[in-house]
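Peer 1: Let me give you the structure first, and then I'll get to my questions.
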Amino acid sequence: MDRMRVLQHIDPTDSFPVWDYRSIGKYEEKAAVYVFWDEKGYEQENRHDLYAEHSPVYIGKTNNLTKRIIQHLTHDDCTENFSTYFYHIDVYVFENLSKNHSLIQAMKEDKLRYENLADLYEVYLITRRFPWFNDTHNFYVTKYKTRLMYFSNDYHNLRRSNWFESEAKIEYGFKQIEKMAKELSLPVQTITQERWLRLEDFVDGLISRRKNKFPLRDNLIKYLQNKVDRNTFKIKTMKGEDKLFSYHKKESNHYYIASDALLYYRPSEQLISRLSKN
């Protein structure tokens with residue numbers, strides 16, 4: 001009980017925007033918990049309150065904070081479809097916390113390593129804050145419904161393209177983060193406003209999530225291509241209404257869809273059944 005009480009009373013040791021490569025670079029080999037916020041969540045005055053209205057985007061823990069943050073920003077498979085929402089980061093570096101928090105120091109002396117504290121605190125924060133995109137769910141709300149709720153509230157409009165151009169230092173900062181990634185020998189992709197998928201790759205992503213992977217790829221590609229052509233590619237919200245997912249473009253006779261649509265779009269079973277018969 002005392003340990004859980006400790007976790008309720010610590011604040012982040014640092015906080016910085018995702019393009020602040022100088023701050024990111026300070027924490028190599030540091031055990032920590034990190035919290036990614038979108039712009040709306042970050043602007044809450046009480047975002048550190050466990051009962052703040054807007055949840056974090058993603059919470060994680062690591063033994064090398066610099067390396068892990070750069071992985072999330074440049075290539076990480078588990079967050080690549082929603083990393084475009086990452087705007088600001090709160091970090092809890094346990095080596096620093098132990099210097100100013102006697103109870104955490106006592107836990108450290110009680111044979112708990114900083115890595116153990118990060119494990120414990122990550123679980124605690126996730127279960128109390130219900131971040132939008134962690135691979136968790138509770139008894140009342142499934143993971144998919146949580147993500148669809150994000151879309152239904154128009155929070156997908158918090159993506160990087162809506163604030164990227166207004167921050168002159170972002171481009172320089174992101175280039176430096178990519179440079180750091182190469183120095184750490186990490187796989188790296190260019191950090192852009194969005195991550196676009198060719199329509200064929202988008203469909204492959206949809207199919208990969210199905211247990212029954214019977215042949216329907218070509219028919220689903222044709223179906224979605226027709227929807228994009230007619231500007232009717234819509235996703236049903238939690239309120240039951242259809243909302244246009246307008247983030248698509250056409251280049252060199254190829255269709256592209258923003259990858260975060262994979263979080264929200266699910267072909268209905270009726271549609272799958274119909275397409276599989278064609």
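Yeah, the sequence shown ends on 278 if you go by full-length UniProt numbering, and it's all consecutive. Every residue gets a Cβ at the ideal spot worked out from N, C-alpha and C, and that includes glycine. Keep in mind it's a predicted model, so treat the numbers as computed, not measured.
1) Going by alpha carbons, who is nearest to phenylalanine 38 out of Glu95, Asp154, Leu184 and Phe233?
2) Express the C-alpha separation of glutamate 29 and threonine 13 in angstroms, rounding to a whole number.
3) Bridge partners of isoleucine 89, per DSSP?
4) With alanine 118 as the anchor, note down where its alpha helix (DSSP H) starts and where it stops.
5) Please report the straight-line C-alpha distance between aspartate 20 and isoleucine 59, rounded to a whole angstrom.
6) Near methionine 1, what residues of its chain come up, given a Cβ to Cβ distance below 8 Å and the 5 sequence neighbours on each side ignored?
7) By DSSP, does aspartate 260 sit in helix, in strand, or in coil?
8) What's the call for proline 17, buried or exposed, on a 16-neighbour Cβ count within 10 Å?
9) Thinking C-beta only, is arginine 159 closer than 7 Å to threonine 237?
10) Check whether the region 176-189 and the region 68-77 are in contact - that is, three or more C-beta pairs closer than 8 Å.
11) Would you say phenylalanine 130 and serine 55 are within 7 Å of each other, going by their C-beta atoms?
12) Among Lys40, Glu269 and Asp201, which has the Cα closest to the Cα of lysine 211?
13) Determine the extent of the beta strand (DSSP E) in which tyrosine 58 is found, giving its start and end residues.
14) What residue range does the beta strand (DSSP E) around leucine 244 cover?
15) Note the first and the last residue of the continuous beta strand (DSSP E) segment covering lysine 222.
16) What are the partner residues of tryptophan 196, as DSSP defines its beta bridges?
Peer 2: To lay it out plainly:
1) Your numbering for residue 38 matches position 38 in the sequence shown. Just to set this straight, residue 38 is aspartate in the shown sequence, not phenylalanine. For aspartate 38, the nearest C-alpha among the options comes from Asp154.
2) Reading the sequence shown from its first residue, position 13 is the one you call residue 13. Reading the sequence shown from its first residue, position 29 is the one you call residue 29. Their Cα atoms are separated by approximately 16 Å.
3) Numbered from 1 along the sequence shown, position 89 holds the residue referred to as residue 89. Bridge partners of isoleucine 89: Phe16 and Phe36.
4) On the sequence shown, residue 118 is found 118 positions in, with the first residue counted as 1. Counting along the chain, alanine 118 sits inside the alpha helix (DSSP H) bounded by residues 114-129.
5) Numbered from its first residue, the sequence shown carries residue 20 at position 20. Numbered from its first residue, the sequence shown carries residue 59 at position 59. Between the alpha carbons of aspartate 20 and isoleucine 59 lies a gap of roughly 19 Å.
6) Counted from its first residue, the sequence shown places residue 1 at position 1. Annotation note: pLDDT 38 at methionine 1 (below 50); position unreliable, no value reported.
7) Stepping through the sequence shown from its first residue, residue 260 is reached at position 260. Three-state result, aspartate 260: coil.
8) On the sequence shown, position 17 is the one that residue 17 refers to. Burial check for proline 17: the Cβ neighbour count within 10 Å reaches 16 or more, so the residue is buried.
9) In the sequence shown, the residue the question calls residue 237 occupies position 237. In the sequence shown, the residue the question calls residue 159 occupies position 159. No, the pair does not count as a contact, with Cβ atoms beyond the cut-off.
10) Counting Cβ pairs under 8 Å, three or more are found: they touch.
11) By 1-based counting over the sequence shown, the position of residue 130 is 130. By 1-based counting over the sequence shown, the position of residue 55 is 55. Against a cut-off of 7 Å, the Cβ pair of serine 55 and phenylalanine 130 comes out as a contact.
12) Position 211 of the sequence shown holds residue 211. It is Glu269 whose Cα lies nearest to the Cα of lysine 211.
13) Sequence index remark: in the sequence shown, residue 58 carries index 58 (1-based). Residues 58-62.
14) Within the sequence shown, residue 244 is the residue found at index 244, counting from 1. Looking at the DSSP string, the run of the beta strand (DSSP E) that includes leucine 244 is 242-244.
15) Here residue 222 corresponds to residue number 222 of the sequence shown, with the count starting at 1. According to the DSSP assignment, lysine 222 belongs to no beta strand (DSSP E) but to the alpha helix (DSSP H) extending over 217-229.
16) Numbered from its first residue, the sequence shown carries residue 196 at position 196. Answer is Ala258, bridged to tryptophan 196.
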